[in-house]
Amino acid sequence: MEVNPYLTSAQKSILEQAKIGVAGLGGLGSNVLCHLVRAGIRRFAAADFDVVSASNLNRQFFFADQIGMKKTEALAANLRRISRRLELDFHDLKLTEENIPELFADCDIVVEAFDKAEAKTMLIGALAESGIPVVAASGLAGFGKSNDIRLHQVNPRLYITGDLTSGISPELAPASPRVGIAAAMEANTVIALLLGEEL
-3 MEVNPYLTSA QKSILEQAKI GVAGLGGLGS NVLCHLVRAG IRRFAAADFD VVSASNLNRQ
57 FFFADQIGMK KTEALAANLR RISRRLELDF HDLKLTEENI PELFADCDIV VEAFDKAEAK
117 TMLIGALAES GIPVVAASGL AGFGKSNDIR LHQVNPRLYI TGDLTSGISP ELAPASPRVG
177 IAAAMEANTV IALLLGEEL
């Protein structure tokens, strides 16, 4: 079964041959992968060391009967319900400056999908010498102000979605609507970069 019959043969070929890295499989990463699989991308490398918890279900692509499962295993199962033609190189581990370059070495683009600012900075720094474009997110907590979530091109290899200010805090909870907007924007940016479309 073809996941996305609306693409040209040239577009399908580009997306099927691409390999995308995803750092983190929470609210951003799980939803980014869902979008990319639905778009027709088949090959992925990703890592997360966490398990699914009840508190994840308000914004992450997991289900109640998966609570307690490793996110790598649960998400792989969910994505394969969309497409059976996937190559998923998923790792149940914590990403570090040391293992990031090797894990994502053969990726065309890497998506940053961490919660904490320090981890985001670490990933960008770890890939700085690789030449691999990074699509990141910053500022997506709370509700409302959807139009403030935008794409910012920092340099030729770094793109950041979000409002750049609304970090997670007791006053600004992470929730599905704004997290979903940012994740969809990250996925859309990846696809546009692969296909040479205007951002």
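When you line the sequence shown up against the numbering used here, it's residues -3 to 195, in that order. Ideal Cβ positions, reconstructed from N, Cα and C, are used throughout, including at glycine. Computed from a predicted structure; not experimentally measured.
From this set, G135, H31, D144, A42, which residue's C-alpha is nearest R170's C-alpha? What sits at residue 170 in the sequence shown is Pro, not Arg. Ranked by Cα distance from P170, the options G135, H31, D144, A42 are led by G135.
Considering only residues of the region 62 to 113, which uninterrupted alpha helix (DSSP H) runs meet the minimum length of 4 residues and lie entirely inside it, listed in chain order? For the region 62 to 113, whole alpha helix (DSSP H) runs of length 4 or above, ordered along the chain, are 67 to 76, 96 to 99.
Whose CA, out of D102, V131, K8, lies closest to the CA of G25? When D102, V131, K8 are compared, the shortest CA-CA separation from G25 is found for V131.
CA nearest to the CA of F86, picked from T185, F45, Y2: Per the C-alpha coordinates, the member of T185, F45, Y2 positioned closest to F86 is F45.
Along the chain, which unbroken stretches of the beta strand (DSSP E) at least 3 residues long are found entirely within the region 124 to 176? DSSP runs (the beta strand (DSSP E)) wholly in the region 124 to 176: 130 to 133, 146 to 151, 154 to 158.
Going by beta carbon distance, what residues of the same chain come within less than 6 angstroms of A70, once the five residues before and after it are set aside? Here the set comprises V48, F58, Q62.
When the Cα of G127 is compared with those of P152, K112, S142, which residue comes out closest? The shortest Cα separation from G127 among P152, K112, S142 belongs to P152.
Taking only the alpha-carbon atoms, compute the straight-line gap between G192 and S162 and give it to the nearest angstrom. Between G192 and S162, the C-alpha separation is close to 30 angstroms.
Between the C-alpha atoms of Q196 and A133, what's the straight-line distance to the nearest angstrom? Outside the modelled stretch of the chain, which goes from -3 to 195, sits residue 196, for which no answer is possible.
Using 7 angstroms as the threshold, is the C-beta distance between L84 and F40 below it? A contact, by the Cβ cut-off of 7 angstroms.
Taking the C-alpha atoms as reference points, what is the distance between E12 and L168? Roughly 38 angstroms between the two C-alpha positions.
Which stretch, first to last residue, makes up the beta strand (DSSP E) that contains V18? It spans 15 to 19 - the beta strand (DSSP E) in which V18 sits, taken as one unbroken run.
A14 vs L147 beta-carbon contact at 7 angstroms: In this structure, A14 sits away from L147, with a CB-CB distance that is not shorter than 7 angstroms.
Cβ-based neighbour list, I10, same chain, cut-off 8 angstroms, excluding 5 preceding and 5 following: So the list reads L190, L191, once near-sequence residues are dropped.
Let me make sure I understand the geometry here. Which of K67, L32, G17 has the alpha-carbon closest to that of V(-1)? Selected option, being the one with the closest Cα: L32.
Nearest by alpha-carbon distance to L82: which of D144, G121, R34, N27 is it? If we check each option's Cα against that of L82, R34 comes out closest.
Does V33 come out as helix, strand or coil in the three-state DSSP assignment? The answer is helix: DSSP assigns V33 an H, G or I state.
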